[in-house]
Amino acid sequence: MPAVPETVAVLGLPLHLCPDYGEWVRSRRTQGTHIVTLNAEMAMLAERTPPLATILHRADLIVPDGAGVIFYLWLRRKKQRRCPGIELAAQLIEQLGQEGNTQPIILFGAAPGVAERAAQTWRSRFPHLTIQTQHGYLTDAEKTAFADQLTDLNPALVLVGLGVPRQEYWIADHRDRCPHATWIGVGGSFDIWAGTKQRAPRWLRDNHLEWLYRLYKEPWRWRRMLVLPHFALRSLLP
Ligand code: UDP
Numbered sequence: 383m384p385a386v387p388e389t390v391a392v393l394g395l396p397l398h399l400c401p402d403y404g405e406w407v408r409s410r411r412t413q414g415t416h417i418v419t420l421n422a423e424m425a426m427l428a429e430r431t432p433p434l435a436t437i438l439h440r441a442d443l444i445v446p447d448g449a450g451v452i453f454y455l456w457l458r459r460k461k462q463r464r465c466p467g468i469e470l471a472a473q474l475i476e477q478l479g480q481e482g483n484t485q486p487i488i489l490f491g492a493a494p495g496v497a498e499r500a501a502q503t504w505r506s507r508f509p510h511l512t513i514q515t516q517h518g519y520l521t522d523a524e525k526t527a528f529a530d531q532l533t534d535l536n537p538a539l540v541l542v543g544l545g546v547p548r549q550e551y552w553i554a555d556h557r558d559r560c561p562h563a564t565w566i567g568v569g570g571s572f573d574i575w576a577g578t579k580q581r582a583p584r585w586l587r588d589n590h591l592e593w594l595y596r597l598y599k600e601p602w603r604w605r606r607m608l609v610l611p612h613f614a615l616r617s618l619l620p
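Number 589 in my numbering belongs to position 207 of the sequence shown; there are no gaps in the numbering.
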């Protein structure tokens, strides 16, 4: 059993500190792992949404995804590199690809066709990987059928791109169906792998300004992003 990483409370949520999250997840493969990639928006939402907070407390690993969370840690003299969900998810697929694992990987979410295009890019790198996809706009009946299919597939890894907090609720509702799998909510990662959206250029990411790029590309996010200055102020409180 791998050692449990040290945790730091971020607005009461147990964020894990670890030099290599991907390796930690690999070391506990088959034990069933729900990974949450925490940013300021999600932390603030959890604070005012108890059911979401309960799910985050039950997750096996919470990693810092976002400049605000890194700032929060920095103020508390905790040095930790940012771990964006898209990069951790890529690392987990690469691990399975390099190990020659044939247990299925599921990409669930995004508009019809997007997850499939994302899967194709991974299959071209690792042709032996079994990657199943499902778009994220299902009817209730289709959702039930997909959940039943999931149980039969017995996947190693389930990537859920439904956006926050829909993906966290969905994982919490379904993880018992495949208790040995690794589950992670990946937001809009399939859109990026499929090429329908672009990530911020590296220099913006390296300077903790990815959020600014998203605001420029998706200005409708401004209302959601109003929580960011609140989070920064909260960071300054003990
Ligand atoms: N999405 C989905 N089903 C829904 C709502 C959203 O599959 O009912 C997808 C959407 O197409 C997009 C992703 O969820 O691919 C959300 O991406 P976003 O970057 O907005 O995620 P967040 O910022 O919430 O992590």
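For every residue, glycine included, the Cβ atom is placed at its ideal position computed from N, Cα and C.
No experiment lies behind these values; they were computed from the predicted model shown.
- Task: Indicate whether residue 451 and residue 573 have their beta-carbon atoms separated by less than 8 Å.
- Result: no
- Message: Quick check on this structure: which residue in 404, 559 and 581 has the alpha carbon closest to the alpha carbon of residue 600?
- Response: 581
- In terms of DSSP beta bridges, what is residue 445 paired with? Residue 445 pairs with 419.
- Does at least one heavy atom of the ligand UDP sit under 7 Å from the Cβ of residue 546? yes
- For residue 391, which three-state DSSP category applies? strand
- residue 470 versus residue 561: straight-line alpha-carbon distance, rounded: 20 Å
- Query: Counting along the chain, where does the alpha helix (DSSP H) carrying residue 549 start and finish?
  - Reply: 548 to 556
- Message: Using 8 Å as the threshold, is the C-beta distance between residue 542 and residue 570 below it?
- Response: Taking 8 Å as the Cβ cut-off, residue 542 and residue 570 do not qualify as a contacting pair.
- Quick one: using the 10 Å Cβ neighbour count with 16 as the cut-off for buried, is residue 619 buried or exposed? exposed
- What number of angstroms, rounded off, separates the C-alpha of residue 565 from the C-alpha of residue 459? When rounded, the distance between both Cα atoms is 30 Å.
- Task: With DSSP collapsed to three states, give me the class of residue 533.
- Result: helix
- Which full runs of the beta strand (DSSP E) of 3+ residues lie inside the segment 460 to 503, going along the chain? 487 to 491
- Item | Three-state class that DSSP yields for residue 450 in the structure shown | If DSSP states are grouped into helix, strand and coil, residue 450 belongs with the helices.
- Query: In terms of residues, what are the limits of the alpha helix (DSSP H) holding residue 406?
  - Reply: 403 to 409
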